[in-house]
Amino acid sequence: MNVKTEGTEFRLDALKWATIFGLVFGGVYVNSMYAAESPLLRALTGVAVGIVIIIIALQTEKGNAVWELAKEAKVEIRKVVWPTTQELTQTTLIVVAVVIFVGFILWGLDSGLSWGIKSIIG
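Counting in our numbering, the sequence shown runs from 51 upward without gaps.
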C-alpha cells in the first residue's frame, strides 16, 4: 500500500521561512556594516545571498506554488496570438491620434473657459 501523508513533501516550512528572513535581514545588516568595501564585492555577495534565498524559497509549499504558477503562465503566453508588426503600428498610431485629438479638445475648452472668465471678471 502506497499512502502519502499530506505535508511530508514540505516539512519544516516555518524553519525555511525563518532562514529566508534571517538571510534577508542579515544581508542588509552586513551590507550596511561593510559600506566601505568595494561595491562590486557587496553586489556579488548580495546576488549570491539572493540565489540562496530563492533556492530555499522554492523548496517551501508557497514557493513551489509560485514556481508552478510561473510554469503555467509560460504555457499560457505561448497560446496568445500576438499582433503583427503592422497591426501594432496601426493601433499605436490610432492611439496617438486620439490622444492628440482629445488634447486639442481640452485645450480648446480650457482656452474658451479662460477667455469667458477673463471677460466676466475683467
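Virtual Cβ for every residue (Gly too), placed ideally from N, Cα, C.
Values in this document were obtained by computation on a predicted structure and should not be read as measured data.
Check whether residue i and residue j have beta carbons under 9 Å apart
| i | j | result |
| --- | --- | --- |
| PHE60 | GLU111 | yes |
Expected contact under 8 Å - CB spacing of residue i and residue j to nearest Å
| i | j | result |
| --- | --- | --- |
| LEU73 | ILE103 | 5 Å |
| GLY77 | VAL99 | 5 Å |
Length of the line joining the Cα atoms of residue i and residue j
| i | j | result |
| --- | --- | --- |
| ASN114 | ILE101 | 15 Å |
| SER164 | GLY153 | 16 Å |
| LYS168 | GLY162 | 10 Å |
| ASP63 | LEU91 | 31 Å |
For residue i, three-class secondary structure by DSSP
| i | result |
| --- | --- |
| SER88 | coil |
| PHE151 | helix |
| ARG128 | helix |
| THR135 | helix |
| LEU62 | coil |
| THR110 | coil |
The segment 134-150 in contact with the segment 74-87 per 3-pair CB rule at 8 Å
no
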